[in-house]
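Peer 1: Residue numbers (this note's numbering), protein chains in the order written: chain A, 4 to 304; chain W, 36 to 469. Can you read through this structure? Questions will come right after.
Right, dumping it as structure tokens:
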């Protein structure tokens, strides 16, 4: 009722008054977002352009335009075959760490978050405090203590040293916890129980589908974290056969830095491009879940 | 003296013990060629790209041997990995590539197998003096040289011609050329340097300095000796007048500078051609090689810079097999394969080989650069030694000497500061520093 009386006024001063559904345009904001867009896209464009150059062109031609030869496919072939195709091995390792690490972390976060949101048990507050505290500790700060722990268990230099620490995602758990609290009505669980469903079935068939947007959000978070993980593998791994892409690319890059080492900046750039493509694809596909996941619980209905 | 003998005795016993253990455990032979015939698996840690072909050739000749060539990182990254594997007591390789300057650290840690029992000490005459001295201490051989780095001057001839600059024969002329070039083109520099311990120590070496000497647990460090002084006096005016490009060697900016004429020359080791060809392909045809600038006109004295050998690790259980490969790679067919791919040899036979000397390099405008480099190899000043902790020493070089490059202090003061730091470290490590 109140809305209808207001409408004529809004129509008269369109463009100056903010009305819901028709966001106000701001020149300043356009410029600021424009700058941010350019800032975030230029490195990507630079990478795309320079991945087409030969080692020689890289250093003798303008950075933001193509060189004298178009070497994209040659670079691609060489990057994939250099040093007996070690790049593919590193890609496989990264996928393994992401699937086992990020996948496992998501699973644990969903299970834990659901349990913490929907069940009461003694010590819940303490768990909450620990999880919140853990969110504040950056993984990098824990890398060295983790190394000592794994070293005493003789697990360093094995894939387990990367997968096991990746399984724990306090932030993911916290996110699932608050998401599950809002997304699953208690009445629905009651109804399922009254209908005779077991706890497992209630979780699996009733609650899990409701948790999907949150699950995808956590999956994206943990995926990106594992995919980009550098410091932990750096101190855990010695055997290049177990390197993830991040470490491998760094090794290629530092190869140019000594007598008798072969400079392969062209392959480093191609490798970097190949490394970010899967993440971009994952984001494009999962973006809508991610958005609805983040805003869930933001509005009281 | 007595600790030395007992150490040698101990190593000998340990080797003999591991040999008998090896014999009883898996019937492994202690004779290299027999071990190769029996076969087995070897792990090698190295970053040298030319070793790939050597491994393939060796495996083709010895079908029973399986070699795992692993690149665990370049230079210091590899030494860190190696040191970790040694302290962990497992997971290390049988053979490792080690640069000459870093050998002391591993010899001192008794991490390398002494190879005299395989007859390695009899190979001395086959290698150039510089690399050989790098791999052996007091008659004990701890590895065989793979390549060497006698120094020469690599320069961009088209840039020299453009600004009508003569190829300098002495350091005095070199400094004058640096001045002239930078005046003619303010963007061009004769040389780049942001403080590189390997470069400065090599210059001191060429100037006749012997700042480091180690005898047992006594380490002498004198970075104010005649040679060190000469180098500081040569380089200081260049730094003062900003004639040295502030570009760190091996950075991507450096590769760029070598390609676009910002850096006109490099005084460095003979392995550089391969690096130039792969890193700066666009400079092809522009570059030439000349003898290293001399301190006095008409003389010929040079130094080594870089270069590495292969060593067998003390805790390798396949020392005999490893030695067979080592021989193949350094004095056998493997050496030829590596030279073909652009590695600079450490073997005197190859350094004097007509075919090697007459080889023309397209990259260097058809110049027979090996003649210059080989001559340099024969003129390396003998008797140089690095510190037993040179890798560490180099890593702290910029804390003191590095300051001279940003203008806070002089090179002489910087070297004195470095000396203090090194003596302190030596004492902390249980050496007697003089």
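Cβ atoms here follow ideal geometry from the backbone N, Cα and C, with glycine treated the same way. As the structure is a prediction and not an experimental result, all values here were calculated from the model.
Closest Cβ-Cβ distance between residue 162/A and chain W: below 7 angstroms?
Peer 2: Locating residue 162/A in the first chain gives position 159, counting from the first residue. Not closer than 7 angstroms to any Cβ of chain W, the Cβ of residue 162/A fails to qualify, so no.
Peer 1: Can you name the residues of chain W whose CB is closer than 7 angstroms to the CB of residue 63/A?
Peer 2: The sequence position of residue 63/A within the first chain is 60, counting from 1. Neighbours of residue 63/A on chain W, chain order: 294, 295 and 317.
Peer 1: Roughly how many angstroms separate the alpha carbons of residue 464/W and residue 341/W, rounded to a whole number?
Peer 2: Counting from one through the second chain, the residue named residue 464/W turns up at place 429. Counting from one through the second chain, the residue named residue 341/W turns up at place 306. Those two C-alpha atoms are separated by around 25 angstroms.
Peer 1: Can you tell me where the alpha helix (DSSP H) holding residue 206/W begins and where it ends?
Peer 2: Sequence index remark: in the second chain, residue 206/W carries index 171 (1-based). It spans 206-219 - the alpha helix (DSSP H) in which residue 206/W sits, taken as one unbroken run.
Peer 1: Figure out for me which residue from 108/A, 152/A, 162/A and 175/A has the closest Cα to the Cα of residue 139/A.
Peer 2: Within the first chain, residue 139/A is the residue found at index 136, counting from 1. Closest option to residue 139/A, Cα to Cα, is 175/A.
Peer 1: Return the first residue and the last residue of the alpha helix (DSSP H) that residue 3/A is part of.
Peer 2: Nothing about residue 3/A can be reported from this structure: the residues present for chain A run from 4 to 304 only.
Peer 1: Provide the residue span of the beta strand (DSSP E) that contains residue 134/W, from first to last.
Peer 2: If you number the second chain from 1, residue 134/W lands on position 99. 130-134 is the extent of the beta strand (DSSP E) around residue 134/W.
Peer 1: What are the start and end residues of the beta strand (DSSP E) that includes residue 78/W?
Peer 2: Mapped onto the second chain, residue 78/W falls at position 43. Its beta strand (DSSP E) spans residues 75-80.
Peer 1: Do you know how far the Cα of residue 232/W is from the Cα of residue 429/W?
Peer 2: Numbered from its first residue, the second chain carries residue 429/W at position 394. Numbered from its first residue, the second chain carries residue 232/W at position 197. The alpha-carbon atoms of residue 429/W and residue 232/W are separated by roughly 5 angstroms.
Peer 1: Measure the CB-CB distance between residue 240/W and residue 338/W and report whether it falls below 7 angstroms.
Peer 2: Counting from 1 along the second chain, the entry for residue 240/W is found at position 205. Counting from 1 along the second chain, the entry for residue 338/W is found at position 303. Yes. Within cutoff.
Peer 1: Can you check whether the C-beta of residue 72/A is within less than 7 angstroms of a C-beta belonging to chain W?
Peer 2: Residue 72/A sits at position 69 when you count from the first residue of the first chain. So no, residue 72/A is outside the interface.
Peer 1: For the stretch 246-270 of chain A, enumerate the residues whose C-beta is nearer than 8 angstroms to any C-beta of chain W, in chain order.
Peer 2: The residues in question are 254, 257, 258, 259, 260, 261, 262, 263, 264, 265, 266, 267 and 268.
Peer 1: Whole angstroms are fine: how far does the CA of residue 458/W sit from the CA of residue 322/W?
Peer 2: Along the second chain, one-based indexing puts residue 322/W at 287. Along the second chain, one-based indexing puts residue 458/W at 423. Each residue's alpha carbon lies about 41 angstroms from the other.
Peer 1: Ordered along the chain, which non-local residues of its own chain (more than five positions away) have a Cβ less than 8 angstroms from that of residue 55/A?
Peer 2: Looking up residue 55/A in the first chain gives position 52. 69, 70, 73, 74, 75 and 78.
Peer 1: Can the beta-carbon of residue 178/W be found less than 7 angstroms from the beta-carbon of residue 345/W?
Peer 2: As a position in the second chain, residue 178/W is number 143, starting the count at 1. As a position in the second chain, residue 345/W is number 310, starting the count at 1. Yes. Within cutoff.
Peer 1: On a CA-only basis, which of 248/W, 242/W and 256/W is nearest residue 269/W? Give me that one, please.
Peer 2: On the second chain, position 234 is the one that residue 269/W refers to. Nearest of 248/W, 242/W and 256/W to residue 269/W, Cα basis: 242/W.
Peer 1: Could you compute how far the alpha carbon of residue 86/W sits from the alpha carbon of residue 234/W?
Peer 2: Translated into the one-based positions of the second chain, residue 86/W becomes position 51. Translated into the one-based positions of the second chain, residue 234/W becomes position 199. Each residue's Cα considered, the two are about 26 angstroms apart.
Peer 1: By a C-beta neighbour count over all protein chains shown, 10 Å radius and 16 as the cutoff for buried, is residue 177/A buried or exposed?
Peer 2: Looking up residue 177/A in the first chain gives position 174. Buried, since its Cβ has 16 or more Cβ neighbours within 10 Å.
Peer 1: Drop a sphere of 10 angstroms on the beta-carbon of residue 254/W, count the other beta-carbons inside from all chains shown, and report buried for 16 or more, exposed for fewer.
Peer 2: The residue given as residue 254/W occupies position 219 in the second chain. Residue 254/W is buried by the Cβ-count criterion.
Peer 1: Does any residue of chain A bring its CB to less than 7 angstroms from the CB of residue 313/W?
Peer 2: Within the second chain, the letter at position 278 stands for residue 313/W. It does; some Cβ of chain A falls within 7 angstroms.
Peer 1: Which residues in chain A sit within 7 angstroms of residue 109/W, going by Cβ to Cβ distance?
Peer 2: Here residue 109/W corresponds to residue number 74 of the second chain, with the count starting at 1. Going along chain A in sequence order, the residues near residue 109/W (Cβ under 7 angstroms) are 257, 258, 260, 261 and 264.
Peer 1: Under the rule that 16 or more other beta-carbon atoms within 10 Å means buried, what is residue 61/W, buried or exposed?
Peer 2: Within the second chain, the letter at position 26 stands for residue 61/W. Residue placement at residue 61/W cannot be trusted, given a pLDDT of 42 that sits under 50; the coordinates are not used to answer.
Peer 1: With a Cβ-Cβ cutoff of 7 angstroms, do residue 62/A and residue 294/W count as a contact?
Peer 2: In the first chain, residue 62/A corresponds to position 59, counting from 1. In the second chain, residue 294/W corresponds to position 259, counting from 1. Cβ distance < 7 angstroms, so residue 62/A and residue 294/W count as in contact.
Peer 1: Just to make sure I have the definition right: I need the residues of chain A whose C-beta is within less than 8 angstroms of the C-beta of residue 84/W. Which are they?
Peer 2: Here residue 84/W refers to the residue found at position 49 when the second chain is read from its first residue. Neighbours of residue 84/W on chain A, chain order: 263, 264 and 265.
Peer 1: Determine, using beta-carbon pairs with one atom in the stretch 244-253 of chain A and one in the stretch 96-112 of chain A, whether at least three such pairs fall under 8 angstroms.
Peer 2: Yes: at least three Cβ pairs fall under 8 angstroms.
Peer 1: Apply the 10 Å Cβ neighbour rule to residue 5/A and answer buried if 16 or more other Cβ atoms are within range, or exposed otherwise.
Peer 2: As a first step, residue 5/A is located in the first chain; it is residue number 2 there, counting from the start. Residue confidence for residue 5/A is low, a pLDDT of 42 falling below 50, so the modelled location carries little weight; the figure read from the coordinates is stated next. Exposed, because fewer than 16 other Cβ atoms sit within 10 Å of the Cβ of residue 5/A.
Peer 1: Kindly indicate which residue of 425/W, 330/W and 326/W has the alpha-carbon position closest to the one of residue 406/W.
Peer 2: Sequence index remark: in the second chain, residue 406/W carries index 371 (1-based). Closest option to residue 406/W, Cα to Cα, is 326/W.
Peer 1: How about the stretch 166-182 of chain W and the stretch 429-439 of chain W: do they share at least three Cβ pairs that are nearer than 8 angstroms?
Peer 2: They do not touch, by the three-pair rule.
Peer 1: Looking at the C-beta of residue 347/A, does it have a partner C-beta in chain W at a distance below 7 angstroms?
Peer 2: This structure leaves residue 347/A out entirely; chain A is present only between 4 and 304.
Peer 1: Is there a C-beta anywhere in chain W that falls below 7 angstroms from the one on residue 1/A?
Peer 2: There is no way to answer for residue 1/A, as the model of chain A reaches only from 4 to 304.
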